[in-house]
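This report concerns only the one structure given below.
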Amino acid sequence: MHSSATFLIEFGAIILGLGLLGRFAGRFQFSPIPLYLLAGLAFGEGGLLPLGTSEEFVAIGAEIGVILLLLMLGLEYTATDLVSNLKTQYPAGLVDAALNALPGAAMALLLGWGPVAAVVLAGVTWISSSGVIAKVLGDLGRLGNRETPVILSILVLEDLSMAVYLPIITALLAGAGLAAGSATLAIALGVAGLVLIVAVRYGRHLSRFVSSDDPEKLLLVVLGLTLLVAGVAQQLQVSAAVGAFLVGIALSGEVAEGAHGLLSPLRDLFAAVFFVFFGLHTDPASIPPVLLPALALALVTAGTKIATGYWAAKRAGISAKGRWRAGGTLVARGEFSIVIAGLAVTSGIEPRLGPLATAYVLILVIIGPLTARFTEPVATRLTSRPRRSTTATETPQDRDLVPSPDASAEK
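As numbered in our numbering, residues 162 to 572 make up the sequence shown, in order.
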């Protein structure tokens with residue numbers, strides 16, 4: 162009974178604290194994600210008031226939070242949108258991998274950690290946080306912006322690439338031979354491909370099966386189906402987040418609209434729990450020794466992510482303001498980076514890799530919401546020319562550099 166009461170007190174305090182932090186952030190019109198992370202640091206190992214009995218429940222809630230974030234992101238787009246974006250944006254995915262994986266690999270080699278650690282740290286710096294970015298896009302009201310499909314295409318390519326990368330890194334860390342590693346990779350690719358085919362070709366049939374006029378039944382079926390697919394995908398070494406995203410893609414029409422409205426409050430609750438959980442597993446004492454290399458790596462890869470988003474949006478014909486918004490939004494790293502670093506820590510290949518990855522992600526997960534909001538106005542101010550009267554030699558592109566009263570309404 163005592164442990165049950167302690168659990169209720171601890172978890173209730175967490176939820177209440179998150180609500181108050183969210184209200185504080187809303188009053189000043191910025192994302193509450195950094196505050197949620199700092200709250201996790203305060204309640205985690207080495208923090209001001211470490212949790213006891215509720216930590217396991219928070220861990221489960223964090224997994225559900227990531228799954229719901231990706232499900233809701235998938236509900237925004239149809240399978241046709243997904244295929245079209247992948248066909249048109251795959252060059253951006255290649256540029257993204259080159260610009261953002263190489264700095265991590267170079268840092269590991271400079272620190273003398275060896276080639277396997279270099280492959281691991283390359284993955285940590287390459288993958289943006291779909292969970293954080295999905296939350297930021299919603300908080301800033303940008304889901305309908307013209308650059309958002311470009312951002313989502315890059316995120317989808319990254320998430321799908323994890324179906325290939327994670328089996329490879331697992332085999333490297335375990336020292337598995339070529340045959341074992343190839344078998345693991347083949348299973349992962351087969352499962353990811355099967356789920357994608359079902360989402361694209363049979364999405365309408367799935368929507369009919371899920372559809373219900375009763376909100377309670379619709380909620381239970383959609384949530385149960387998503388958790389089931391995510392769990393099976395993870396069991397087969399395919400990302401649970403990818404599975405949840407594809408379930409969202411497969412649902413369309415009235416089912417998607419109804420599920421979106423029903424699941425939004427649950428998403429917000431469990432997403433907040435996810436960010437707290439991330440902070441809980443960061444010991445503040447482990448950060449100072451690796452802070453300088455983590456900060457240098459964060460600054461370099463923040464710049465490369467902004468360049469990636471800018472290039473991809475420019476290639477898609479988005480205006481200059483939208484290009485900067487796309488680049489700034491992609492900066493945050495999070496759940497996948499921690500998963501990759503966790504695999505390396507478990508294998509024991511390099512004891513300093515875990516703290517460095519944690520510090521790196523913590524820096525960018527705090528900076529990410531800020532770059533998402535302020536990269537475009539700062540870049541616009543730095544690149545705009547002084548207002549002057551239009552002359553015969555002035556081009557429309559020149560005039561577009563001058564901020565207009567309705568610039569904030571650009572989509």
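For every residue, glycine included, the Cβ atom is placed at its ideal position computed from N, Cα and C.
The model shown is predicted, which means the values in this text are computed figures rather than measured ones.
Query: Heavy atom of the ligand ZN within 7 angstroms of S425 beta-carbon; Result: No copy of the ligand ZN occurs in the structure displayed, which carries no ligand at all.
Query: P530 - containing alpha helix (DSSP H), residue span; Result: 514 to 544
Query: The segment 437 to 452 touching the segment 262 to 269, judged by at least three CB pairs closer than 8 angstroms; Result: no
Query: Exposed unless 16 or more other CB atoms sit within 10 angstroms - verdict on Q396; Result: exposed
Query: Start and end residues, alpha helix (DSSP H) containing E415; Result: 414 to 441
Query: Stretch pair the segment 431 to 444 + the segment 224 to 236: three plus CB contacts closer than 8 angstroms; Result: yes
Query: Through-space distance from V285 to V244, alpha-carbon basis; Result: 26 angstroms
Query: Buried or exposed (CB count within 10 angstroms, at least 16 for buried), K466; Result: buried
Query: Separation of T544 from E237, as counted between CA atoms; Result: 33 angstroms
Query: Inter-residue spacing [alpha-carbon to alpha-carbon] between V361 and L384; Result: 20 angstroms
Query: First and last residue of the uninterrupted alpha helix (DSSP H) at V371; Result: 364 to 371
Query: Distance between beta carbons of A186 and P193, contact taken as under 8 angstroms; Result: 4 angstroms
Query: Length of the line joining the Cα atoms of L169 and L381; Result: 25 angstroms
Query: Three-way DSSP call (helix, strand, coil) for F189 in this model; Result: coil
Query: R484 in three-state terms, based on DSSP; Result: helix
Query: Cβ pair count under 8 angstroms reaching 3, the segment 532 to 543 against the segment 469 to 486; Result: yes
Query: Buried or exposed by the 16-neighbour rule on C-beta atoms within 10 Å, applied to L177; Result: exposed
Query: For D444, three-class secondary structure by DSSP; Result: coil
Query: DSSP three-state assignment for T490, whether helix, strand or coil; Result: helix
Query: Given 8 angstroms, three or more beta-carbon pairs between the segment 298 to 315 and the segment 472 to 488; Result: yes
Query: Between the CA atoms of E415 and L423 - distance to the nearest angstrom; Result: 12 angstroms
Query: Runs of alpha helix (DSSP H) lying entirely within the segment 279 to 345, each at least 4 residues, in chain order; Result: 291 to 300, 309 to 335
Query: Inter-residue Cα distance where the pair is A283 and G364; Result: 35 angstroms
Query: Neighbour-count burial assignment, L407, 16 or more Cβ in a 10 Å radius; Result: buried
Query: Cα-Cα separation between E171 and T249, rounded to whole angstroms; Result: 48 angstroms
Query: Buried or exposed by the 16-neighbour rule on C-beta atoms within 10 Å, applied to F438; Result: buried
Query: Beta-carbon gap between I510 and V277 smaller than 8 angstroms; Result: yes
Query: Delimiting residues of the alpha helix (DSSP H) encompassing A405; Result: 401 to 411
Query: Span of the alpha helix (DSSP H) around V382; Result: 376 to 396
Query: Beta-carbon contacts of S413 that lie in its chain and below 8 angstroms, excluding the five residues immediately before and after; Result: T239, A240, G364, R365, S368
Query: Presumed contact (8 angstroms Cβ cut-off) between N261 and T462, rounded CB distance; Result: 6 angstroms
Query: Selection from V281, D320, L255 that minimises the alpha carbon distance to L504; Result: V281
Query: Residue range of the alpha helix (DSSP H) that includes I479; Result: Segment: none, I479 is in no alpha helix (DSSP H) and carries neither H nor E.
Query: Closest Cα partner of F189 within the set L199, S373, V522, L301; Result: L301
Query: Own chain partners of E555 with C-beta closer than 6 angstroms, once the 5 adjacent residues on each side are dropped; Result: Note on E555: pLDDT 39, under 50, position unreliable in the model; the coordinate value appears next. No residues qualify anywhere along the chain.
Query: Option nearest T536 by Cα separation, candidates R184, L230, L304, G489; Result: G489
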